[in-house]
Amino acid sequence: MGTIIRHTFLDSNGIRMHVTDAGRGYPILLCHGFPELWYSWRRQINALAEAGFRVLTPDLRGYGGTDAPEEIEAYVMRELVEDIHELFDALGIDKAGVVGHDWGGALAWQFALRHPERTERVCSLNAPHLAPAPVPPSIALRDAYGLTDKTYYMRHFLEPGVAERELEADVRDTFQKLMRPGKYADAVEAFMTVGDGTSLLGKIGPGETFLSKIDLDTYVRIYKRTGFRGGLSWYRALDLSWEQDKDLPSSEIELPAMLIVAEKDPLLRADLVEQLTRPHVKNLRVERLDCGHWTQQEKPTEVSNLLIDFFGDLRDPSME
């Protein structure tokens, strides 16, 4: 008999959130990245639930079955953190292990920083934890990449409607091109450096996806309904978040933390992610996996085993 995954909708921080709930035991929250869904953790849900944890996987603000407000101001980091804070209240959870990948990793770090009293331990896949930069992110990206033939994708995302039109033109093609194993790191590199500023996907050639037909159909079905605007709004709120948070009193996290980095991720390079994180996280464990950007989907067993090891002693012995 497989793990039973319960789907529910809860009010949190002024929005309606879709969250899955599986297993019983110590709660572990899993936060997805862009462009993903709760579904990106499907393999970890089963493994963690069978190992004796209660596993909670929301569609984050703007994604899937969760509300996607129109205003860019609704996607600043303070609001995203508060979504999780109030979700804990709605679920009756005092404290949990918090895990995130990509944007979800950034959210996991920020939740641990702002609500250490609600965070038992924190784990990020691929995303660094760092102090606010001295200039807004859009300026830092302009200075780093300019408006040349290697315009950075995050700047390309900033104008509403532009990225949506390309990503939504053929949703199946979008996911087949993006979600590829580490040996196709050049596809992620092509996506990152948009070229002449007109194409996110045009330079990506043929290649295999690690998604099964069912997985691909799931992403396509949901994104055809929702589009990509909600997830893109996280990028469009970067400068607003920076303005609000540039004077935070501290960026240091003292909780037990684990950083999982991907050796073949050209977007969030393993050495750089570790280098950026270490000065701000005192109790840090670093693990490396031989994969590309989509870590928990490409290496599901390895990620599940690392999480079980990291959180294992929190389990109720009677459930083992």
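Sequential numbering from 1 applies to the sequence shown in the UniProt record's numbering.
In this text, a Cβ means the ideal position worked out from N, Cα and C, and glycines have one as well.
- DSSP lists A22 as the beta-bridge partner residues of I5.
- Here S138 carries a helix assignment [DSSP, helix/strand/coil].
- Around the beta carbon of D309, fewer than 16 other beta carbons lie within 10 angstroms, which makes this residue exposed.
- For the 8 angstroms CB-CB criterion, P58 and V19 form a contact.
- Cβ contact annotation for T295 (same chain, cutoff 7 angstroms, sequence separation greater than five): H101, L125, N126, I260, A262, L289 and V303, in chain order.
- Here S212 is exposed. Its C-beta has fewer than 16 other C-beta atoms within 10 Å.
- Residue state for D316 is assigned as coil, using DSSP reduced to three classes.
- Among the bridge pairs identified by DSSP, R285 is matched with M258.
- If you look at G182, you'll find it isn't in any alpha helix (DSSP H); DSSP assigns it neither H nor E.
- Judged by beta-carbon spacing, K203 lies beyond the 8 angstroms limit of A185, meaning their Cβ atoms are not closer than that value.
- Its chain contains V98, T119, V122, I253, L255 and A257 as the residues whose beta carbon lies nearer than 8 angstroms to that of A112, once the 5 sequence neighbours on both sides are disregarded; these appear in chain order.
- In the same chain as E243, and ignoring 5 residues on each side of it, the C-beta atoms closer than 8 angstroms to its own belong to P136, in chain order.
- If you draw a straight line from the Cα of C31 to the Cα of V273, it is about 18 angstroms long.
- Counting C-beta atoms within 10 angstroms of its own C-beta, L248 has fewer than 16 neighbours from the protein chains shown and is therefore classed as exposed.
- By the Cβ neighbour-count rule, T301 is exposed, with fewer than 16 other Cβ atoms within 10 Å of its own.
- The three-state reading of DSSP puts E120 in strand, counting E and B together.
- Between M154 and Y26, the C-beta spacing is not below 8 angstroms.
- Cβ neighbours of A131 within its own chain (closer than 6 angstroms, five residues either side excluded): S251.
- Around the beta-carbon of R180, 16 or more other beta-carbon atoms lie within 10 Å, marking it buried.
- In this chain, P300 is not harboured by any beta strand (DSSP E); it is covered by the alpha helix (DSSP H) spanning P300 to F311.
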